[in-house]
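To start, the structure itself, in structure tokens.
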Amino acid sequence: MKIPLRGLQLLSEASLRGAVKQRQTAAALMRIALGSLTIIFYALHLSQRNFLWGPGGVVSWPDNLALLAESRTYTLYQFFPSALGAGCLYWLGLAVSLMFTVGLFARFSSILFFLFTWSLYQRNWYAIDGGENLLIILAFYLMFADLSALSLDRMLFPKRRERSTQWLAGMLHNFAIIACLVQLSILYFESAFYKIQGHVWANGTALYYILRTDEFSLPGWTDLIWRSAALVTMGTYGTILFEMAHPFLLWHARVKWLVFAAAVCLHTGIGVLMGLPWFSLTMISAHAVLFDDAEYLALVQWVRRRTQSISPASREIGPIRDI
Amino acid sequence: MERPENKTRASQPILRNCCFVGLTTLLVTHFLMTLAVTLPPTPLSVEYSRKIDGWIYPYFIQNWSFFAPDPPTEDAYVIAQYRYKSGDGTIAESSWINLSRTFNQAVQRNRLSPLEIVQVTLLNASGDLVRSEIFKDGRLDNDLLNRLVATNRQPPALHTLERIAMSCSRAVGIPGEPTAVRIGLLYHRFPRFTRRTEPDNPLSDNSQIVFPFVPFEAVASL
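Protein chains in written order, with numbering that gives the first Met the number 0: chain C, 0 to 322; chain Z, 0 to 221.
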């Protein structure tokens, strides 16, 4: 009888801990970063919107309907088959992304954000890359998270009603955060898993073939890398090592900073050299989930101390205080 | 008699524990399903493939095998040729125009170029086309393609590439009114790693797949 009771006690403790919201700052930073990227995406393609997502655009209307039926999905654009309707949806999508980013009616805008972003991607599935694929999956999980930290909601409605189901909201939030972390782990795990099976990844020359392709090269820079056997080997093995270690080390409190720094370096390189800046920014943004609230607070305090110690004002004030 | 709020308070830990167990089960199941579709097929994932697909599609479709297991060993370009009515009323054909190269160069000049999305579209659609039913063992099945075109059931990826070419007709400087367009896939094999310092001749080691002409459609301009 003792063991079931002990098990029940452990479960109660775990569920109690699981109901207290964790990593609210991380969730808010992801909201801001992913929302900002989507705003930039909308703004950047404003003049191309008819070509990319309009009814007379690159993916014809019958083709789009056939692809939607094949993948058993939908897009809001299918219900508005006119240029005016598609244009209105585009502007609404931009407005929703703005609401989501600033955190206005955060819970509601997170659902709308998923719906509009999903619809945009489904209207032209060919136009999205791995970054947008990750963004939409994370947006799905974030619908269940509490995104009210660093938001307009906190400024406009500072007093929130305490509800009896507060624990359920906390639990959903925490599971959404864990889902984001596991998703990130799976991404790097799968990437490494397939790479170690490749012949050119094993012999350390894969980076040469990638940088040699026209789409992923930057003339004058990438040829400097692929001409050097040392850089190609280090880049190839470095990528595999990072991707293999990432899913395991990101759970470790002390080395996750290193994981984050390595991810920033790798994705900056991919963004600049291979011409995938939006993919890279999405990947870096997703890493915001690695750190908890106390770590963000410590970071802010550290930055404040550094800026105070080096600002001219503090240097002038210092001696006067001493006197 | 027990007061209602006391009853709620007493039942809350049980409800909380049940929710915790339920959510944990859901999370574990979800990510096991995700692993099952992202990793190579196993006897287990094949046996439950319908259930797994039902869970994953459409919201959690994902593929993270970037450049793996083998990165490309050749450049794949989408090329286009236009048939147009010239000034004197005769029908002429343009030379082949490398659309992919044009967009690649635009993105190489400006990493934040809005044309990057067109480059991605070309890349994804051409990849999808090569994986479509009209290719068997890497070769184009012309009979099947003609049958599909005749019944207006050509692969969406091919139609998308054709529509990109149609929207670019003005930008690439077609000197008359375009009446038809056809696209092709040009492959250029670049030197192996051990021969990387040797000069690369863009006109050698090439292979080409050409699709039939299709009538010009009105497409929103790029």
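Glycine included, every Cβ here is placed at the ideal spot set by N, Cα and C. Everything numeric in this text was worked out from a predicted model, so none of it was measured.
Spatial distance of residue i from residue j (CA atoms)
i, j, result
"A201/C", "A260/C", "25 Å"
"I51/Z", "E12/C", "33 Å"
"A168/C", "W52/C", "36 Å"
"S78/Z", "R22/C", "The residue asked about is misnamed: residue 78/Z is Ile in this sequence, not Ser. If you take the alpha carbons of I78/Z and R22/C, they lie about 49 Å apart."
"M282/C", "I127/C", "14 Å"
"L210/C", "T221/C", "6 Å"
"A144/C", "A175/C", "6 Å"
"L185/Z", "I90/Z", "25 Å"
"H187/Z", "P201/Z", "7 Å"
"C179/C", "Y140/C", "7 Å"
"G135/C", "V213/Z", "According to the sequence provided, residue 135/C is Ile. The question's Gly does not apply to it. Rounded to whole angstroms, I135/C to V213/Z spans 35 Å at the Cα level."
"P57/Z", "L137/C", "14 Å"
"L4/C", "A285/C", "40 Å"
"H245/C", "A82/C", "45 Å"
"L133/C", "W277/C", "11 Å"
"I163/Z", "V57/C", "6 Å"
"S203/Z", "T28/Z", "51 Å"
"S220/Z", "T120/Z", "15 Å"
"M0/Z", "L10/C", "Low per-residue confidence applies at M0/Z: pLDDT is 47, beneath 50, and the placement is therefore not dependable enough to give any value."
"E69/C", "D62/C", "10 Å"
"V19/C", "H172/C", "9 Å"
Sub-9 Å separation of residue i and residue j beta-carbons
i, j, result
"L373/C", "L75/C", "Because residue 373/C is not part of the residues shown, which for chain C are 0 to 322, the question remains open."
"G274/C", "E189/C", "no"
"N16/Z", "S14/C", "yes"
"Y193/C", "P68/Z", "yes"
"Y76/Z", "L98/Z", "yes"
"A148/C", "R122/C", "no"
"L144/Z", "F215/Z", "no"
"G86/Z", "G172/Z", "no"
"S216/C", "L272/C", "yes"
"Y81/Z", "V180/Z", "yes"
"G34/C", "M170/C", "no"
"L248/C", "V258/C", "yes"
As assigned by DSSP and simplified to three states, the class of residue i
i, result
"V288/C", "helix"
"I319/C", "Unreliable positioning characterises I319/C in this predicted model, as indicated by a pLDDT of 42, which lies under 50. The coordinate reading is nonetheless provided below. If DSSP states are grouped into helix, strand and coil, I319/C belongs with the helices."
"A156/Z", "helix"
"A67/Z", "coil"
"D128/C", "coil"
"V19/C", "coil"
"L125/Z", "Inspection of the sequence shows that residue 125/Z is occupied by Ser rather than by Leu. Three-state result, S125/Z: helix."
"T178/Z", "strand"
"I60/Z", "coil"
"Q80/Z", "strand"
"Q47/C", "coil"
"D199/Z", "coil"
"E214/C", "coil"
"F189/Z", "coil"
"N173/C", "helix"
"D74/Z", "strand"
"Q222/Z", "Look at the range of chain Z in this structure, 0 to 221, and you will see that residue 222/Z is not part of it."
"E1/Z", "Any answer about E1/Z is weak, because its pLDDT of 47 lies below 50 and its placement is not dependable; what the coordinates show is given next. Reduced to three states, the DSSP call for E1/Z is coil."
Residue i: contacting residues in chain Z (beta-carbon distance under 8 Å)
i, result
"R71/C", "Y56, P57"
"F139/C", "Y58, F59"
"H198/C", "P68, D69"
"F351/C", "Look at the range of chain C in this structure, 0 to 322, and you will see that residue 351/C is not part of it."
"A13/C", "F19"
"T204/C", "F192"
"I136/C", "Y58, F59, Q61"
Interface residues of chain C facing residue i [CB-CB closer than 9 Å]
i, result
"F210/Z", "Per Cβ cutoff of 9 Å: no residues; F210/Z is ~16 Å from chain C at best."
"L122/Z", "Y125, D128, E214"
"L128/Z", "The contacting residues do not exist; L128/Z stays about 10 Å from chain C at best."
"P198/Z", "Within 9 Å Cβ-Cβ: nothing; P198/Z doesn't reach chain C, min ~12 Å."
"T159/Z", "V57, V58, S59, D62, N123, Y125"
Under 7 Å by beta carbon: chain Z residues contacting residue i
i, result
"A178/C", "L26"
"Y208/C", "P70, P71, T72"
Closer than 9 Å at the beta carbon, the chain Z residues around residue i
i, result
"H44/C", "P113, I116"
"V181/C", "L26, H29, F30, T33"
"R226/C", "R195, T196"
Per-residue contacts from residue i into chain C (C-beta, under 7 Å)
i, result
"A219/Z", "N49, F50, G53, G55, G56"
"Q207/Z", "Here the premise fails: no neighbours, minimum Cβ distance about 16 Å."
"L22/Z", "M170, F174"
"V106/Z", "G274"
Beta-carbon neighbours of residue i, restricted to chain C and to distances below 8 Å
i, result
"V119/Z", "Y125, A126, I127, D128"
Touching by the beta-carbon criterion (3+ pairs, under 8 Å), the segment 34-42 of chain Z and the segment 178-198 of chain C: In short, these stretches touch, since the Cβ pair count reaches three.
Sufficient close CB pairs (3 or more, under 8 Å) joining the segment 226-239 of chain C to the segment 203-218 of chain C: At 8 Å Cβ cutoff, the stretches touch.
Stretch pair the segment 38-53 of chain C + the segment 89-97 of chain C: three plus CB contacts closer than 8 Å: When C-beta atoms of the segment 38-53 of chain C are compared with those of the segment 89-97 of chain C, three or more pairs fall below 8 Å, so the two segments count as touching.
Validate contact between the segment 15-35 of chain C and the segment 290-300 of chain C using beta carbons, cut 8 Å, 3 pairs: Taking a cut-off of 8 Å on C-beta distances, the segment 15-35 of chain C touches the segment 290-300 of chain C, as three or more cross pairs fall below it.
The segment 99-107 of chain Z / the segment 143-158 of chain Z touching (three or more Cβ pairs under 8 Å): Too few Cβ pairs lie closer than 8 Å, so no.
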